[in-house]
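Residue numbers (the working numbering), protein chains in the order written: chain H, 668 to 780; chain Y, 431 to 541.
A virtual CB, placed ideally from N, CA and C, is assigned to each residue, including glycine.
Accompanying notes for the structure given below.
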């Protein structure tokens, strides 16, 4: 069974540009989470989807970040416009409703120059 | 959610048992304790979870005393490949299950 996949694995963009990160959860996992680790800091929760609905977006840093999960399958996280402080590793995780365990993807390393 | 406190780093040698203790003084009744492992350039990976007493799986054991204010992850006979960061987290069951990560414990296993 395929795990959580994220694309791209790395992205280097300039300040002011737009970047879209994609996460494909494990098939059948209704719950999808986005987390990120910025340089030297701890992994922080960004938001949580149940199917296509946002259940908790309390961790989204500002309105430059937009997450979507159309159709309740894959999710995208768009940063527009990107700022230097957005650099870090963005993780996606998915979970089956009946279980607590979250399965994490390998992350997308975003570098904003 | 309860804040967790665990050692920043630990060292061990191959074949030894490693115990990592975590404190979570403000844990709530419907919170559970879960541990994740993270290797460089990978996402965290679930190891074990528990609510109280002892839980054991093929990878580790988790000991939780009656007051649930602390927990101990036990890794039997570690190998070099167990070198990683270990996170102790408290999460709320029946809810959104979002994970609040701390700094974790960086375990280094030496030959």
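- Look at residue 700 of chain H: its C-beta is under 8 Å from a C-beta on chain Y.
- Between residue 702 of chain H and the set H/718, H/775, H/780, the nearest pair of CA atoms involves H/775.
- Interface criterion met: the Cβ of residue 530 of chain Y is under 8 Å from a Cβ in chain H.
- Under the 10 Å beta carbon count, residue 757 of chain H is surrounded by 16 or more other beta carbons and is classified as buried.
- Every beta strand (DSSP E) stretch that sits fully inside the region 676-743 of chain H and reaches 3 residues is listed by chain position as 677-680, 686-691, 698-705, 711-717, 720-723, 732-735.
- Closest option to residue 490 of chain Y, judged by alpha-carbon separation, among Y/503, Y/433, Y/480: Y/503.
- Taking 3 residues as the shortest admissible run, the region 494-535 of chain Y contains the following complete beta strand (DSSP E) segments, listed from N- to C-terminal end: 500-505, 514-522.
- According to the DSSP secondary-structure assignment, residue 760 of chain H is paired through a beta bridge with H/700, H/771.
- In this structure the region 692-701 of chain H lies against the region 757-773 of chain H, because at least three pairs of beta carbons, one per stretch, are closer than 8 Å.
- Within 9 Å of the CB of residue 476 of chain Y, the CB atoms of chain H belong to 767, 768, 769, 770, 771, in sequence order along the chain.
- Per DSSP, the beta bridge partners of residue 745 of chain H are H/687, H/733.
- By the neighbour-count criterion, in which a residue is buried when 16 or more other Cβ atoms sit within 10 angstroms of its Cβ, residue 494 of chain Y is buried.
- Using a Cβ-Cβ cut-off of 7 Å, residue 472 of chain Y is close to 773 of chain H, given in chain order.
- In this structure, residue 473 of chain Y sits away from residue 709 of chain H, with a CB-CB distance that is not shorter than 8 Å.
- For chain Y, the residues of the region 718-742 of chain H that bring a beta carbon within less than 7 Å of one of its beta carbons are 722, 723, in chain order.
- Around the Cβ of residue 517 of chain Y, a 10 Å sphere holds 16 or more other Cβ atoms; the residue is buried.
- Classified as exposed, residue 439 of chain Y has fewer than 16 neighbouring CB atoms from the shown chains inside 10 Å of its CB.
- DSSP places residue 780 of chain H outside both helix and strand once states are collapsed to three, so it counts as coil.
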